[in-house]
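Participant: The structure that follows is given in the form of structure tokens.
Chains as they are written, first to last, in this note's numbering: chain A, 1457 to 1790; chain B, 1457 to 1790; chain C, 1457 to 1790; chain D, 1457 to 1790.
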């Protein structure tokens, strides 16, 4: 049963990475085809997420579908580009400028049409520019309504596609409209559409001081609204986009438990930003970390965790985890 | 119109204050009656919040009502004590122990009955012990359901009383079940009751990295679910419970604007923890800070803010605020 | 060689624990003698830290020495009580009130005399009340000088005792004077005394966003100024004082490596606050976690870590750690 | 006396701004000359900071000097580019690769030579890439020594130039070697050179949870080691690089007080990142905010602040500030 986990990768993770200080990037941008082949060689990966306009356009979609198929990969999600163009600088669905809002809808519709053509079942909406930076800058009421209306307009046209709204407390704005799990669920519900749900990016949840597992439960309890998962790690203060397991361990164990327990059937997708590392290598490290945890989560382990949670004693949990991962202390201390 | 703001005080703010290092407290506990008289002398204050079992019990409620009336004060809210007794150590409505859950319901019902007797319109529920400290400790699904069921059982018996659920990211647990505005709104909605809403404590929202004004809008947009407001200030990392305006300014201006704009009609209640300061003095400083802002928010100011928000230019907002509060720079710099 | 680690416990960790909401505490306070016996039963523990006035006074010191000896325990440190009495509310060595500063010196001198009598080699100074809460409240220059002068006056009288200054970013003040490793090293240096150094509390360093290992190196590089270590864990935002290993793993591995590498020879002392847990049980869980890591850090591991650090590739480090603690992923992913 | 404040601007603040999601930037890059003219028009600005290789090279330095003079501007600091080229990806002075360390020294020497030619008295060293991202990645001891040695090698060759080391807790690395005020002072001291000191960037200090004023005092008390100041504002969690006064107020008042009180004579330089705002407009807003505060800090105000700090009562400080910036509350509350 644990064999059912399906792993995927955001293609861009394998390419060049830049930040505001080094805008040309820390690495060299390889050709798309090379990146796809690199993804295909990662043991356990069978899916790919593509970013609209970066990776996938109406022009290259049939070619892309072909290349993916040749490499034994499925397109699991398309992320419309609502964040990496000057026109989105002040928002997409929620921009004060009505013509920009219109363009956002068009861009998302275009991405959805590509998804249909590619047989891709999900659009992952990350509206990074929708939010604000300063006090007295945003008309929260009006702009949040525009946001919901925009998503609704797109998603209502594509009932066979799932729309996962990805939240993040901040960056690139100091405050995002989709900031936390429950905020985002409210927006999804306000569309009144069954095909709108939420994507949890583990790192985003960590630096929102959410316990990721609790967020999973909140979303699943309100009508199985967890549509997608992005994996990475960080130091809880910022979206460091590090290799899975670089900082945290027990929280991933708890996550895998609750994803299973709440019946999550979506993909486990890697979303990192390996600024200075080999892209495929960094993704591979994350995938193998999760696959090791998948092995760790055998039936026996699950039964043990269920007992720990029922009893709720941190002392017992500490001994249990230690005995699972570390050698025993020496018998005597002298 | 700005004259309609009604200020109140949590009585305990005027008493002794302790922390984990100085459990006997930094000050001497004055008699209740003295504390009430001190509250009554604060210019602008006309309401009091009382904590169940600390301040108010079935035994003293009629006497308390009398004293408040003699001092020209109204009881605006009762806070059932679900946090300061050993029996709540591992939760109240959401405790794993069913007998504790039962006691929590009884304690809240008792507080609601007192509220009825006192003519107090609102119960402010702060379930500080409901949450968890460690990974693998909580059955989020079961315990959150218990929580909702408990609130529902109480609130359904008192349809004429409003129940405000007060959220807080952490403390005394490392993670609270009611952690943020939207999470808490979901719980309120899940009760299916119109008389269950949310209390925003400004400091709790600040250290959840919420923009308080946006939280106000989110709650009010979903059926006027903002039932109560607690005021204080902090450094955004912890519930420092400081005097209003000690750290922030523009965010209070924005708050007052949106409270008005969204039709909030509840009390503006002070909730501080003046560990080392004179209690009445610290509360008074907060109240006068808010009353000065109330004066600041004249019709002209409101029109100006509306324009700033519509245009959304932080440069314009910076000049506007500076000119409102500070002297002009010297004409020439030499 | 790894057998040389010596573990100790702050006695109070085994007693009652309170916070500002439950001032009488979550548990019952056991008699001191019982707490000491409980400490003695923890496998691997051979030392005790005592808090002045709570645990140890001029009156009970010879009796205490006897009890410790009977239980095979050594007093490894005395922590003068400069934080848990009303008189310290506004500071101890740095209080604005000169009579309080004088009392702080007297209290520390008294604790040092007890240490001499007990054969205890170290005073751990945690000046929790020395700091400030608000802007425009502290004369940083004057008060920091007073602080340094106070420590100097005490430490210069006891050249055979080491004085470890324990830093903490905040709590109970919103800002401590001894806030971070390097700040505190500066104060230690400003005394001009060889017997004044620094204590790292792992949790305090974590929520100062320090990498604990780097702080160890900074202190040791400047004349072996790391005098003492307190262990616990937290979520990086607050001094949660949890069981070691509850949140972090790889950082403890790195710490053990650098403590050894920089020649730290002091005690590994547990400093937790098991609010709701069995005290001895929670301490035991931490000690066994560290003892398991001590086993983990065999010669082979140390050589491997040295190589990882020399090459500095996070991908290699990820695979290395995963293979050490988790099962291999399944051979094929189908 | 308050007329002595000298304001300057980092030239790049007036240009294009990008982040990792929009690498081509939110704006259009104007020609350097246009940016300089824009800076010159900001009321009160008389100095410019230039970034090596971006703004200033051996080739253009005499031309740049001329243009600045024509616009009535002085070059107050040069910031060697040790962060925005691929070769610095893994560090500059502290890189594991010895040839990169050599290049870093050469780049800094080149910048210092330009400074000499330009009559610029200060090099501001921001070694953004010197640090690490992951545990088990850095040899703190070796790499920090390399860092100190590199700075020493450069600064010892230019005794007539001041070298200000600018600290920042993180970004672009998850952990910087120069992370906080006191850490950085230690490095400056370890060079053994009088002409090496520290630059405080207000925003960096805020998100290190420093009280900026206390950091000023710490540096000035240890031999007037505060060499330079960068101004901006943020929400305390990240280097948002916002307009001065957008979030904080009283802390700037406290800063201006202590800068004066400790005899700081350097420049007040603006360092922002106005991603979506007009660059010159955003800088202008900051400069006028500080100039208004300069007016606010008249002799009477300074005397009042001195009294507040001596007495240390937050209630008094609250009333004082409120009365200075806001209207009085209405006489009666009915």
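Just so it is clear, CB atoms sit at the ideal spot from N, CA and C, and this is done for glycine as well.
(1) Counting only beta-carbon separations shorter than 8 Å, does residue 1477 of chain A have a partner in chain D?
(2) Determine, using beta carbons only, whether residue 1612 of chain A comes closer than 8 Å to chain B.
(3) Among C:1634, C:1481, C:1530, whose alpha-carbon lies nearest the alpha-carbon of residue 1467 of chain C?
(4) So with Cβ pairs under 8 Å, would you call residue 1669 of chain D a contact of chain C?
(5) Taking only beta-carbon positions, decide if residue 1628 of chain A is within less than 8 Å of chain D.
(6) For residue 1792 of chain A, count the other beta carbons within 10 Å of its own beta carbon; 16 or more makes it buried, fewer makes it exposed. Which is it?
(7) Need the endpoints of the beta strand (DSSP E) that residue 1683 of chain B sits in, please.
(8) Give me the Cβ distance between residue 1622 of chain B and residue 1650 of chain B, rounded to the nearest whole Å; I'm assuming they're in contact under 8 Å.
(9) Which residues in chain D have a C-beta closer than 9 Å to the C-beta of residue 1516 of chain A? List them in chain order.
(10) Looking at the structure shown, is residue 1633 of chain A part of a helix, part of a strand, or coil, going by DSSP?
(11) For the segment 1759 to 1767 of chain A and the segment 1533 to 1545 of chain A, state whether three or more C-beta atom pairs, one from each stretch, are separated by less than 8 Å.
(12) What residues in its chain sit with their C-beta under 7 Å from that of residue 1588 of chain B, if we drop five residues either side in the sequence?
(13) Hey, is residue 1788 of chain B's beta-carbon within less than 8 Å of any beta-carbon in chain C?
(14) For residue 1488 of chain A, collect the residues of the same chain with a Cβ closer than 7 Å to its Cβ; drop the 5 residues on either side in sequence, then sort them by chain order.
(15) Using a 10 Å radius around the Cβ and a threshold of 16 neighbouring Cβ atoms, would you call residue 1756 of chain B buried or exposed?
(16) Is there contact between the segment 1741 to 1748 of chain C and the segment 1475 to 1487 of chain C, where contact requires at least three CB pairs shorter than 8 Å?
(17) Within 8 Å (strictly less), CB to CB, does residue 1509 of chain B reach chain D?
(18) Work out the CA separation of residue 1492 of chain A and residue 1527 of chain A for me, nearest whole Å.
(19) Cα-Cα, which of D:1472, D:1563, D:1486, D:1499 is closest to residue 1462 of chain D?
(20) At what residues does the alpha helix (DSSP H) containing residue 1603 of chain A begin and finish?
(21) At 9 Å on the CB atoms, spell out the chain G contacts of residue 1631 of chain B, in chain order.
(22) Output needed in chain order: residues of the segment 1755 to 1779 of chain D with a Cβ under 7 Å from some Cβ in chain C.
(23) What does residue 1728 of chain C reach in chain A if we use C-beta pairs closer than 7 Å?
(24) With distances taken from CA atoms, which of A:1704, A:1752, A:1578, A:1768 is nearest residue 1713 of chain A?
(25) Judging by CA-CA distance, which residue of D:1576, D:1602, D:1654, D:1597 is the nearest neighbour of residue 1849 of chain D?
(26) Alpha carbon to alpha carbon, how far is residue 1580 of chain D from residue 1572 of chain D? Give it in angstroms, no decimals.
(27) So which residues on chain D does residue 1535 of chain B lean against when the C-beta distance must stay under 8 Å?
(28) Following the continuous alpha helix (DSSP H) through residue 1668 of chain B, name the residue where it begins and the one where it ends.
(29) Between the alpha carbons of residue 1556 of chain D and residue 1569 of chain D, how many angstroms are there, rounded?
(30) Just the Cα atoms here: how many angstroms apart are residue 1705 of chain A and residue 1626 of chain D?
(31) Since residue 1783 of chain A meets chain C, which of its residues come closer than 8 Å, beta carbon to beta carbon?
(32) Measuring alpha carbon to alpha carbon, tell me which of A:1647, A:1711, A:1700, A:1764 ends up nearest residue 1770 of chain C.
(33) Using only the alpha-carbon positions, how far apart do residue 1471 of chain D and residue 1536 of chain D sit?
(34) In whole angstroms, what separates the C-alpha of residue 1546 of chain A from that of residue 1585 of chain A?
(35) Per DSSP, residue 1534 of chain D is paired with what?
(36) For the alpha helix (DSSP H) that residue 1752 of chain C lies in, which residues bound it at each end?
Facilitator: On the basis of the coordinates in this document:
(1) For this step, residue 1477 of chain A is matched to residue 21 along the first chain. So, interface residue.
(2) On the first chain, residue 1612 of chain A is found 156 positions in, with the first residue counted as 1. No, residue 1612 of chain A does not count as interfacial toward chain B.
(3) Taking the first residue of the third chain as 1, we reach residue 1467 of chain C at position 11. Here the closest residue by C-alpha is C:1530.
(4) The residue labelled residue 1669 of chain D in the question sits at position 213 within the fourth chain. Yes, contact with chain C.
(5) Taking the first chain and counting its residues from 1, the one referred to as residue 1628 of chain A is at position 172. So, interface residue.
(6) What is shown of chain A runs 1457 to 1790, which leaves residue 1792 of chain A out entirely.
(7) Locating residue 1683 of chain B in the second chain gives position 227, counting from the first residue. Residues 1682 to 1687.
(8) Walking along the second chain from the start, residue 1622 of chain B turns up at place 166. Walking along the second chain from the start, residue 1650 of chain B turns up at place 194. Not confirmed; about 18 Å, so no contact.
(9) Here residue 1516 of chain A refers to the residue found at position 60 when the first chain is read from its first residue. What residue 1516 of chain A touches in chain D: nothing, since even the nearest Cβ is about 21 Å away.
(10) Start at 1 with the first residue of the first chain, and residue 1633 of chain A comes out as number 177. In this structure, DSSP gives residue 1633 of chain A a state outside helix and strand, which the three-state scheme calls coil.
(11) no
(12) Translated into positions along the second chain, residue 1588 of chain B becomes position 132. Cβ within range, chain order: 1594, 1629, 1631.
(13) The count along the second chain starts at 1 and reaches residue 1788 of chain B at position 332. Confidence is the limiting factor: at residue 1788 of chain B the pLDDT is only 45, short of 50, which leaves the residue's position unreliable, though a coordinate-based value still follows. Not closer than 8 Å to any Cβ of chain C, the Cβ of residue 1788 of chain B fails to qualify, so no.
(14) Taking the first residue of the first chain as position 1, residue 1488 of chain A is located at position 32. Once the five neighbours on either side are set aside, the close Cβ partners of residue 1488 of chain A are 1511.
(15) In the second chain, counting from the first residue as 1, residue 1756 of chain B sits at position 300. It counts as exposed.
(16) no
(17) For the purposes of this step, residue 1509 of chain B is taken as the residue at position 53 of the second chain. No, residue 1509 of chain B does not count as interfacial toward chain D.
(18) In the first chain, the residue the question calls residue 1527 of chain A occupies position 71. In the first chain, the residue the question calls residue 1492 of chain A occupies position 36. Approximately 8 Å between the Cα atoms of the pair.
(19) For this step, residue 1462 of chain D is matched to residue 6 along the fourth chain. Among D:1472, D:1563, D:1486, D:1499, the Cα nearest to that of residue 1462 of chain D belongs to D:1499.
(20) Taking the first residue of the first chain as 1, we reach residue 1603 of chain A at position 147. 1596 to 1613 is the extent of the alpha helix (DSSP H) around residue 1603 of chain A.
(21) Of the chains in the structure shown, none is chain G; the protein chains are A, B, C and D.
(22) 1761, 1764, 1765, 1766, 1768, 1770, 1773
(23) Translated into the one-based positions of the third chain, residue 1728 of chain C becomes position 272. None at all; the shortest Cβ gap to chain A is about 11 Å.
(24) Along the first chain, read from residue 1 onward, the residue named residue 1713 of chain A stands at position 257. Residue A:1752 is the option with its Cα nearest to residue 1713 of chain A.
(25) The structure shown does not extend to residue 1849 of chain D, since chain D is modelled only from 1457 to 1790, so the question has no answer here.
(26) By 1-based counting over the fourth chain, the position of residue 1572 of chain D is 116. By 1-based counting over the fourth chain, the position of residue 1580 of chain D is 124. Their backbone Cα atoms lie some 14 Å apart in a straight line.
(27) Along the second chain, one-based indexing puts residue 1535 of chain B at 79. Near residue 1535 of chain B there are no residues of chain D at all, since even the closest Cβ is about 24 Å away, more than 8 Å.
(28) For the purposes of this step, residue 1668 of chain B is identified with residue 212 of the second chain, where counting begins at 1. Start and end: 1668 to 1677.
(29) Here the question's residue 1556 of chain D lines up with position 100 in the fourth chain. Here the question's residue 1569 of chain D lines up with position 113 in the fourth chain. One Cα belongs to residue 1556 of chain D, the other to residue 1569 of chain D, and the distance between them is close to 20 Å.
(30) Counting from 1 along the first chain, the entry for residue 1705 of chain A is found at position 249. Counting from 1 along the fourth chain, the entry for residue 1626 of chain D is found at position 170. The straight-line gap from Cα to Cα measures roughly 23 Å.
(31) Within the first chain, residue 1783 of chain A is the residue found at index 327, counting from 1. What residue 1783 of chain A touches in chain C: 1748, 1751, 1752.
(32) Taking the third chain and counting its residues from 1, one reaches residue 1770 of chain C at position 314. Nearest C-alpha to residue 1770 of chain C: A:1700.
(33) On the fourth chain, position 15 is the one that residue 1471 of chain D refers to. On the fourth chain, position 80 is the one that residue 1536 of chain D refers to. Spanning the two alpha carbons is a distance of roughly 18 Å.
(34) Residue numbering aside, residue 1546 of chain A sits at position 90 when the first chain is read from its first letter. Residue numbering aside, residue 1585 of chain A sits at position 129 when the first chain is read from its first letter. When rounded, the distance between both Cα atoms is 6 Å.
(35) Along the fourth chain, one-based indexing puts residue 1534 of chain D at 78. According to DSSP, residue 1534 of chain D bridges with D:1506, D:1579.
(36) Here residue 1752 of chain C is taken as the residue at index 296 of the third chain, counted from 1. First-last of the alpha helix (DSSP H) with residue 1752 of chain C: 1735 to 1752.
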